[in-house]
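Report on the structure given below.
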Amino acid sequence: MLVLKRSWDVPDGTRLTGADLAGRRILGAPLRSLAAANVVSESATRSAGRVVRVAAGRVAKTTVTPLGSAWETLPAGLLVRDLAAEARALDALPPRLVRPRVAAELVRAVEVAGVRDVGYHPGAQRLEAVIADAAGTTAVVSADYSPHRPAALDALAGALAAGPRMLTGTVRKERGGLVIDPFAVQTADGIVVPDLAPGEGTAALAAPPPATTDPLSRALDEALAACAEAAHRGLLRTTPGLRERIVRAGKDLDRAGLRAAAGTVAALAAALAADDPHRTASTWADAHIRLLATAELR
0 MLVLKRSWDV PDGTRLTGAD LAGRRILGAP LRSLAAANVV SESATRSAGR VVRVAAGRVA
60 KTTVTPLGSA WETLPAGLLV RDLAAEARAL DALPPRLVRP RVAAELVRAV EVAGVRDVGY
120 HPGAQRLEAV IADAAGTTAV VSADYSPHRP AALDALAGAL AAGPRMLTGT VRKERGGLVI
180 DPFAVQTADG IVVPDLAPGE GTAALAAPPP ATTDPLSRAL DEALAACAEA AHRGLLRTTP
240 GLRERIVRAG KDLDRAGLRA AAGTVAALAA ALAADDPHRT ASTWADAHIR LLATAELR
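According to numbering that gives the first Met the number 0, numbering within the sequence shown proceeds without interruption in unit steps and concludes at 297.
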């Protein structure tokens, strides 16, 4: 998997959306076409981080052609037909904090056998859908609203309702399940790229099903949020209320059986009550790294 990067200067006071950029040309083709195409080049080079550069030249040629069924011929490492097998493959990876930094490491093309629940969470401004593979194993497709792509959630909801065959995106493990940040969706009518969709995002989206959160995920979420707030406020400026919240988070983790994580959070709570900046910073890093790794491997 490779990444082609391109940037444009944006004048002060101006905001460009994905739809505004869809007509800009890259490799001789509009971005909207390139995002749903095959690119074959004789002048491409790549970095160790998997960023590709395509040089313009009169001798070497670069062609951009419609995507067709190319996703279906991707190798097994990139094409996911079995979500359970993909989950096991992700479980076998080291934590993200210590993996090599490569672009698009976990981008996959995922075959979709069915779409189940689709709903919009207005508080989080997030659209989520449950998809299933042929064996019935599920994953959550999750996309957040952004003013730089105002119609993206409308376009994604429409594509998911149209009976998608495949979709591409970044796949990750989160709270014990698979979550996909979608890039494009293939339907019977072609490829939908939500980030480039025109519109203002005014469609009425269905409400989500009732949320269910298990105690383990709830304890991890609260501990991560409390640690993040401590860093946001400043470790030397935490309030008594926040310190008590961190103490409670550590106790909740212990009750959930995550005793190593609970110990690091308890150590952070003790350090915050003392007057030792170096110890406070060190214990915060220990706790946050432990919580991030635990949440990823959950």
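C-beta atoms are modelled at their ideal positions from N, C-alpha and C, and glycine is treated no differently.
Val178 vs Ala138 beta-carbon contact at 8 Å: Taking the first residue of the sequence shown as 1, we reach residue 178 at position 179. Taking the first residue of the sequence shown as 1, we reach residue 138 at position 139. Yes, the pair counts as a contact, with Cβ atoms nearer than the cut-off.
Cβ neighbour criterion (16 or more within 10 Å) applied to Ala196: Here the question's residue 196 lines up with position 197 in the sequence shown. Buried, because 16 or more other Cβ atoms sit within 10 Å of the Cβ of Ala196.
Helix, strand or coil at Asp285 [DSSP, three-state]: Position 286 of the sequence shown, counted from the start, is the residue given in the question as residue 285. The answer is helix: DSSP assigns Asp285 an H, G or I state.
Distance between beta carbons of Trp283 and Leu267, contact taken as under 8 Å: Within the sequence shown, residue 267 is the residue found at index 268, counting from 1. Within the sequence shown, residue 283 is the residue found at index 284, counting from 1. Right, their Cβ atoms sit about 6 Å apart.
Reduced DSSP category for Glu104 - H, G, I as helix; E, B as strand; rest coil: For this step, residue 104 is matched to residue 105 along the sequence shown. In the structure shown, Glu104 sits in coil (DSSP, three-state: anything other than H, G, I, E or B).
Cutoff 7 Å; reference Pro65; Cβ partners in own chain excluding five residues on either side: As a working mapping, residue 65 is identified with position 66 in the sequence shown. Same-chain partners within the cutoff: Ala36.
Cβ-based burial, Gly17 [other Cβ within 10 Å; buried from 16]: For the purposes of this step, residue 17 is taken as the residue at position 18 of the sequence shown. Classification for Gly17: buried.
According to DSSP, residues forming a beta bridge with Arg45: Along the sequence shown, read from residue 1 onward, the residue named residue 45 stands at position 46. For Arg45, which the question treats as bridged, DSSP gives the partners Val51.
Alpha-carbon spacing of Arg164 relative to Asp251, whole angstroms: Working through the sequence shown from its first residue, we reach residue 164 at position 165. Working through the sequence shown from its first residue, we reach residue 251 at position 252. If you take the alpha carbons of Arg164 and Asp251, they lie about 42 Å apart.
The beta strand (DSSP E) enclosing Gly157, as first and last residue numbers: For the purposes of this step, residue 157 is taken as the residue at position 158 of the sequence shown. Unbroken run through Gly157 is the alpha helix (DSSP H), Ala151 to Ala160; no beta strand (DSSP E).
Paired residues, beta bridge with Ala138 - DSSP: Here residue 138 refers to the residue found at position 139 when the sequence shown is read from its first residue. Answer is Ile130, bridged to Ala138.
Contact the stretch 187-203 vs the stretch 12-26: 3+ CB pairs below 8 Å: yes
Between the CA atoms of Arg297 and Arg125 - distance to the nearest angstrom: Locating residue 125 in the sequence shown gives position 126, where the first residue counts as 1. Locating residue 297 in the sequence shown gives position 298, where the first residue counts as 1. Each residue's Cα considered, the two are about 22 Å apart.
His287 versus Val264: straight-line alpha-carbon distance, rounded: Stepping through the sequence shown from its first residue, residue 287 is reached at position 288. Stepping through the sequence shown from its first residue, residue 264 is reached at position 265. Cα to Cα, the separation comes out at about 8 Å.
Leu78 versus Asp153, Val106 and Thr61, residue with shortest Cα-Cα distance: Here residue 78 is taken as the residue at index 79 of the sequence shown, counted from 1. Of Asp153, Val106 and Thr61, the residue nearest in Cα terms is Val106.
Nearest-angstrom Cα separation, counted from Ala156 out to Val117: Taking the first residue of the sequence shown as position 1, residue 117 is located at position 118. Taking the first residue of the sequence shown as position 1, residue 156 is located at position 157. C-alpha separation (whole angstroms): 8 Å.
Rounded C-alpha distance that separates Leu3 from Leu291: Taking the first residue of the sequence shown as 1, we reach residue 3 at position 4. Taking the first residue of the sequence shown as 1, we reach residue 291 at position 292. About 29 Å.
Own chain residues within Cβ distance below 8 Å of Arg45, not counting five before or after: One-based indexing of the sequence shown puts residue 45 at position 46. Counting only Cβ-Cβ distances below 8 Å, and skipping sequence neighbours, we find Leu1, Val51 and Arg52.
According to DSSP, residues forming a beta bridge with Ser40: Within the sequence shown, the letter at position 41 stands for residue 40. BP columns for Ser40 point to Thr61.
Residue from Glu85, Ala294 and Leu15 whose Cα sits closest to the Cα of His147: Reading the sequence shown from its first residue, position 148 is the one you call residue 147. His147 has its Cα closest to that of Leu15, out of Glu85, Ala294 and Leu15.
For Glu228, the three-state DSSP class (helix, strand or coil): By 1-based counting over the sequence shown, the position of residue 228 is 229. Helix, per DSSP.
6 Å Cβ shell around Gly113 - same chain, five flanking residues per side excluded: Within the sequence shown, numbered from 1, the residue matching residue 113 stands at position 114. Only Ala131 meet the Cβ criterion.
Cβ neighbour criterion (16 or more within 10 Å) applied to Pro74: Taking the sequence shown and counting its residues from 1, the one referred to as residue 74 is at position 75. Pro74 comes out exposed.
For Pro121 and Thr13, the rounded distance between their alpha carbons: Position 14 of the sequence shown holds residue 13. Position 122 of the sequence shown holds residue 121. Roughly 27 Å between the two C-alpha positions.
Contact belief for Glu221 with Leu241 at Cβ below 8 Å, rounded distance in angstroms: Indexing the sequence shown from 1 puts residue 221 at position 222. Indexing the sequence shown from 1 puts residue 241 at position 242. In fact, because the Cβ distance is near 12 Å, the residues do not count as touching under 8 Å.
Arg254 burial status per 10 Å Cβ neighbour count (16 or more: buried): Walking along the sequence shown from the start, residue 254 turns up at place 255. By the neighbour-count rule (16 or more Cβ atoms within 10 Å), Arg254 is not buried but exposed.
Alpha-carbon spacing of Ala128 relative to Ala83, whole angstroms: As a position in the sequence shown, residue 128 is number 129, starting the count at 1. As a position in the sequence shown, residue 83 is number 84, starting the count at 1. Each residue's alpha carbon lies about 18 Å from the other.
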